[in-house]
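Line order of the protein sequences matches chains Z and C.
The first sequence begins at 275 in our numbering and counts up one residue at a time.
The second sequence begins at 6 in our numbering and counts up one residue at a time.
Virtual Cβ for every residue (Gly too), placed ideally from N, Cα, C.
Below is one structure, written out as C-alpha cells; comments come after it.
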Amino acid sequence: MVNKRSVLTPALIALVGFLTVCPVVMLIFGSFSTGLGAFGEFTLDKYIQGYTDPELGGIILNTIIFVLGSSFVATGLALLLAYLNTRTDIPFKFMFRIISIIPMMIPHILFSVSWVLLLNPSNGLINLFLRQIPGLENLAINIYSLPGMILVEGLLDLPIAYLILAPAMASFDISLEESSKVCGGSTLRTLFRVTLPVLRPAILAAFILSLVRSLASFAVPSVIGMPGRIYVLATHIYQSIATGFAADFGKAAAIGMSVLATSITLIYVYRYLTSESEKYVTISSRGYRPSVIELKGARYPMFGLVGILSMILIVLPVLVLLYTSMVPYSMIPSAKAFSMMSWKHWIEVINDPISLLSLKNSVFLGVFGATLGVTLSIFVAYVIVKVRSHASGLLESLSFLSFSFPGIVIGVGFMWFFVRTPLYATIWTLLIGYIATYLPYGVRPLTSAFVQVHSHLEESSQVCGAGPFTTMRRIVIPLLIPGIVSGWILMATMFVRELTLSVVLSRPGTEVLAVQIFRFAEDGLWGQLSALGIMMIIISTALVLLATLVGMKFKPVEE
Amino acid sequence: MKRLLIVFLALIIVPSAFAADSDLVQKAKAEGQVSFYANMTAIAPIMDVFNAQTGLAGKYTRISTSKFLATVLTEYQAGKLMADVLQAPLPVMQMLKAKGVLAPYTSASAADYPAWTRQDDQIQTFGIEYVGLIYNKELVKAADAPKRYEDLTDPRWKNKIVMANPASHATTISWLVGLKENVFKSEDKWMEFLKGLAANRPMLVKSFGPTPAPVESGEKHIAISMPKYIITKAPAPLDWARLEQPLMGTPRGIAISSSAKNPNAAKLFMDFWLTKKAMAKLSAEVGEYVLAPGVFPPIDGMDKAKVIPIRTLSEKEISSYGTMFKKIFKLH
C-alpha cells in the first residue's frame with residue numbers, strides 16, 4: 275500500500291501540476307516580460323507599477339471586508355440550511371436543497387443585475403415596496419455598497435459552502451452528541467462543544483473556498499461595486515488593464531500574484547488547523563448511524579422562517595429574472611409592463627443559430643467534464659487526506675493554483691499555454707481548462723468526506739487481501755457518495771455556466787452557452803440574457819436531479 | 006422563416022450590388038471558407054447573406070475589445086492566427102498594423118467612401134462607434150433634453166446620469182478628450198464641463214453595455230452612451246438629445262490578415278462587407294453609424310447629425326488622461 279501510495283502521489287502531482295501550473299507559469303512569464311505577450315525582455319516594471327499604486331491600501335482594506343463578510347454570510351447560511359436539511363425533519367427538504375444551490379446555476383452577472391433591480395436606491399422593487407409603508411417614504415436601501423456586495427457575493431458562494439457542509443453533516447455520528455447529552459450538556463452546549471468542532475474541517479473548507487472564490491470574483495465587484503465607487507482587487511486589476519486598448523495581462527498577472535499568494539497561504543492555514551485529522555472521524559468500523567433530529571413543535575415555524583429567508587434571498591431574484599425575460603425592456607412592474615409581456619426573448623434565444631450547438635457543447639462539458647473531474651478529485655482528495663506528507667500539501671496547493679487566480683486573468687494564461695499545443699481551438703481546451711481551474715470544487719467536498727472515514731475500514735479491507743484500488747472501489751467510494759454527488763453537482767453546474775475561460779478559448783464550432791451570455795451582456799440585452807439564465811437553471815436542475823438520483827441508488831446507508 | 010427570407014433576399018438582391026471579380030470568386034471558392042474576428046454585435050445576419058451569396062462558409066468569432074489585441078497577438082506570434090479578416094476599433098487596428106499582422110488590400114467596394122477613411126493601404130475605416138446622450142423619453146421631455154454638452158452640468162441632472170467609467174473606459178476617455186479638441190473653445194471651458202459633470206455624481210459602469218438598462222428602467226434619466234441602443238433596445242422609451250454640437254466616436258476599421266489561410270476568401274469578404282447593401286443592413290439592424298455614402302441608421306434625425314471621428318490617442322495619453330479624470334471624478 276505504501277509503495278502504491280508513493281507512486282500515486284508523484285503521479286498526481288505531475289498530472290495536476292501539468293494542468294494547473296502551465297497557465298500560471300505563462301502568466302508569471304508575462305508578468306516579468308515587456309510587451310503584451312507571455313515572452314519578452316525581462317522587466318520588473320509591472321510589479322513596481324502594480325504595487326506602488328497609492329490607492330492599493332484602501333483597495334486591500336475593501337477587499338478584506340468584502341471577502342471576509344461574504345464568506346461569513348455564505349458559510350453561516352450554508353450551516354443553517356445544511357443542518358436543517360440533513361439533520362432535522364424539516365418538511366420539503368428537497369426544495370431547500372435545490373434552493374441552496376440555485377445561485378450556482380445562474381451566471382453571476384445576472385444574479386447581481388437581478389439584485390440591482392430589487393435594491394437600487396432610485397427605484398429598486400424592494401425599496402418601492404417598502405416606501406408604501408407609512409414612515410418609510412424616503413427609504414433608499416442602497417445595494418451599491420459594501421454590505422450590498424457582501425450580501426450578493428455571500429449568496430453566490432452559498433452553494434459552494436452548502437455542498438461541502440451537507441455531506442459532512444449527513445455522515446455525522448449522532449453518538450457523539452448523545453454522549454454529550456448523557457454527560458449533562460444542553461442542546462446548545464452540545465452544538466457548540468461537540469457538533470461544530472467535529473465539523474471543523476468541513477466548516478473551514480467551506481469558509482476558505484468561499485474566501486478564495488470571492489477574492490477571484492468579478493461579477494459582484496463590477497456590477498454592484500463599481501457604480502457605488504467601491505473598488506476591490508478584482509476591479510482594480512480590471513481597471514489597470516482596461517485603461518487603453520492594449521490590455522496588459524502581464525501587469526494584471528503581477529497584481530494577481532498577491533491574490534494567488536494569499537490563497538496558497540490560506541490552504542496551508544487550513545491544513546494546519548485540521549492537522550489532527552483523527553479528531554474529525556465520524557465514520558469508523560464501530561458503527562455508523564446518521565440520524566434525524568425531530569423538530570417537533572418547531573417544525574413548521576422553522577420551515578416558515580427558512581422558507582421566507584429563501585424566498586427573499588434566492589427565489590425573488592430568480593423571479594426577477596423570469597420577469598425580465600418576458601418584458602420587452604428593463605421596466606418596473608406595472609399594468610403596462612404586464613400587458614407587454616411575451617416570449618419574444620425566449621424565442622430569439624432558441625432561434626439563435628449557435629444556440630443548439632452551444633447547448634450540446636455545454637451539456638457535454640458539464641456531464642463528461644464533471645465525471646472526469648470528480649474521478650481525478652477522488653484520487654487527489656485521497657492523497658491529501660490519507661497521505662498527509664509534504665508532497666500531499668504540495669498537491670493540495672497545486673489543485674488551487676488556477677482557481678485562485680482572478681478570473682479575468684487566468685483565461686489568458688490558458689490561451690498563452692494552449693496556443694502552443696495542437697489542442698488549441700478544440701473543445702478539449704475547454705474541457706481541460708475547466709477541470710484544471712475548478713478542481714477544488716471536486717476536491718474540497720471529497721476531502722471533507724474522506725476526513726470522516728476512519729482508516730480502520732481500509733485496513734480491514736487490506737487484511738482481507740484487497741489491494742488499494744479494490745479497497746477504494748468497494749469500501750471507500752461507497753462511503754463517499756454524498757461527497758461525490760456534491761463535487762459532481764458543483765463541477766457540472768459550474769461547467770454549464772462557465773464564462774471566464776470560455777470567452778477566451780471558444781472558437782467557431784466550440785461555442786458554449788457562455789458565448790451567448792457574453793454576447794448578450796456586452797450588448798446590454800438583459801431580456802435575452804435572463805431567458806438564457808432561466809434555461810441554464812433548468813438544465814442545471816436536471817443535472818442536479820440526475821446526480822442526486824444516481825447518488826441515492828448507490829448510497830450504502832439509509833438515512 | 007426570417008433566415009429563409011434573408012437567404013432569399015440575398016439571392017435576389019445582393020448579386021447586383023456585389024459584382025466581385027470572377028477570378029477572385031473562383032479562388033475564394035477553392036478556399037471554401039473565411040474566418041472573421043470582430044468586436045461588433047449582431048453580425049450573424051450579414052454572415053448569412055455572405056454565405057448564401059458566395060457559397061463560402063463564413064465563420065465569425067466575437068472577441069471583446071479588451072481581449073482583442075491579446076488574443077490576436079498571441080495567435081499571430083504562435084503562428085496560429087485563425088482570422089482571415091479582422092475588425093476592431095481603429096486604435097487596435099493600428100497596433101496590429103504596427104506588429105505586422107495586417108496585409109495590404111484596397112477594396113473597390115470602398116471607392117466612394119470619404120477620403121479620410123483610408124489613411125494607409127491596409128486599414129479601411131467603415132464606421133464610427135458614435136457616442137451621444139440617450140434619455141428616457143417618459144421621464145424627460147424632448148424640450149428639456151440637453152441642447153449642448155454643457156447642459157449636463159446643470160444640477161437638475163444630479164444623480165440622474167449614467168456613464169462608463171472615465172478613469173478606465175478607453176472609448177469614454179477618448180470621447181472626453183475629443184470634446185476638448187473638437188467642441189470646447191478653451192481648456193478652461195472643458196475643465197469647467199468636466200468638474201460640473203463630476204459634481205452631478207454620475208453612476209459609473211464598466212463600459213457602454215450596462216449604460217442603457219438604468220435609463221430604460223427609470224433608475225437614471227440620461228446616459229452618455231450610444232444612440233444605436235435606440236434600435237437594439239426597441240421598444241424601450243429611449244431617445245437621443247439633438248445637440249447643436251457634433252457627435253463623436255472612435256472609428257471602426259477592417260483589414261485582412263497577413264497570415265490569412267484563405268487570402269482570396271478574405272478579400273472577397275472584405276469587398277462584400279464594404280458594399281452599401283451590407284453596410285445598410287448593419288446600420289438598419291443594429292443602428293451602427295457607417296461611412297458608406299448615404300447610409301444612416303434608422304434613428305430619427307440621425308441623417309442630419311454631424312458625426313466626426315475622434316483622433317487616435319496613444320496608450321500613454323489614454324493612461325494619463327484616465328488618471329486625470331480619476332482625480333476630477335474623485336474615484337479614489
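- Counting only Cβ-Cβ distances below 8 Å, Z/Q513 has contacts in chain C at N170, A172 and S173, in chain order.
- In this structure Z/F340 touches Z/M423 by the C-beta definition: roughly 6 Å separates them, less than 8 Å.
- The C-alpha of C/A270 is placed about 7 Å away from the C-alpha of C/K32.
- When DSSP reads this structure, C/Y135 sits in a beta bridge with C/G254.
- By the C-beta density criterion, C/D117 is exposed, having fewer than 16 other C-beta atoms within 10 angstroms.
- A contact between stretches requires three or more CB pairs, one per stretch, nearer than 8 Å, and the stretch 805-814 of chain Z fails this requirement with the stretch 643-658 of chain Z.
- For the 8 Å CB-CB criterion, Z/N397 and C/S112 do not form a contact.
- For the set Z/S484, Z/L437 and Z/G324, the Cα lying nearest the Cα of Z/H510 is the one of Z/G324.
- For C/G214, the closest Cβ of chain Z is nearer than 8 Å.
- For the pair Z/L286 and Z/F653, the CB atoms are nearer than the 8 Å cut-off.
- Neighbourhood of C/I313 in chain Z, by CB distance below 8 Å: empty, with the nearest CB roughly 19 Å away.
- Per DSSP, C/P314 is one residue of the beta strand (DSSP E) stretching across V312 to P314.
- Here DSSP, grouped into helix, strand and coil, assigns Z/H382 to helix.
- Listed in chain order, the non-local C-beta contacts of Z/G640 below 7 Å within the same chain comprise A766, F769, V770 and L817, local neighbours out to five positions each way being set aside.
- Membership of Z/R545 in the alpha helix (DSSP H) is indicated by the continuous run F523 to L547.
- C/E224 and Z/N394 have their C-alpha atoms roughly 8 Å apart.
- Between Z/F743 and Z/Y712, the C-beta gap is not smaller than 8 Å, which leaves the two residues out of contact.
- The stretch 132-148 of chain C makes contact with the stretch 225-235 of chain C: 3 or more CB pairs, one atom from each, lie closer than 8 Å.
- Interface flag for Z/S604 against chain C is set, since a Cβ pair is found closer than 8 Å.
- Using a Cβ distance threshold of 8 Å, C/M307 and C/A297 do not count as a contacting pair.
- In the three-state scheme derived from DSSP, where H, G and I count as helix and E and B as strand, Z/P756 is classed as helix.
- Chain-ordered, the chain Z residues with CB closer than 9 Å to the CB of C/K64 read R781, P782 and G783.
- Contacts between Z/T711 and chain C, judged by CB atoms closer than 7 Å, are missing: the closest CB pair is about 17 Å apart.
- By the beta-carbon neighbour count (other beta carbons within 10 angstroms, threshold 16), C/L61 is buried.
- In terms of beta-carbon proximity, Z/N394 lines the interface with chain C, with at least one pair separated by less than 8 Å.
- The shortest CA-to-CA distance from Z/M500 to any of Z/G518, Z/Y418, Z/L675 and Z/V468 is the one to Z/Y418.
- Counting only runs that start and end inside the stretch 210-240 of chain C, the beta strand (DSSP E) elements of at least 3 residues fall at 227-230.
- C/G84 has its alpha-carbon roughly 24 Å from the corresponding atom of Z/K525.
- In chain order, I684, G685, F688, L704, G707, Y708 and T711 place their CB closer than 8 Å to the CB of Z/L775, counting only its own chain and leaving out the 5 sequence neighbours on each side.
- Just measuring C-alpha positions, the residue of C/E249, C/G201, C/I128 and C/I68 sitting nearest C/V188 is C/E249.
- Taking CB atoms only, C/P151 has no neighbour in chain Z less than 8 Å away.
- Setting aside the 5 residues that flank it on each side, Z/I373 is surrounded in the same chain by S584 and I588, each with a C-beta closer than 6 Å to its C-beta; the list follows chain order.
- Boundaries of the beta strand (DSSP E) harbouring C/S40: Q38 to A43, taken from the DSSP string.
- In this structure, Z/V623 lies near Z/S629, with their beta-carbon atoms less than 8 Å apart.
- When the Cα atoms are used, Z/G343 and Z/Y542 turn out to be separated by approximately 21 Å.
- Assignment of C/F301 by DSSP, reduced to helix, strand and coil, places it in the coil class.
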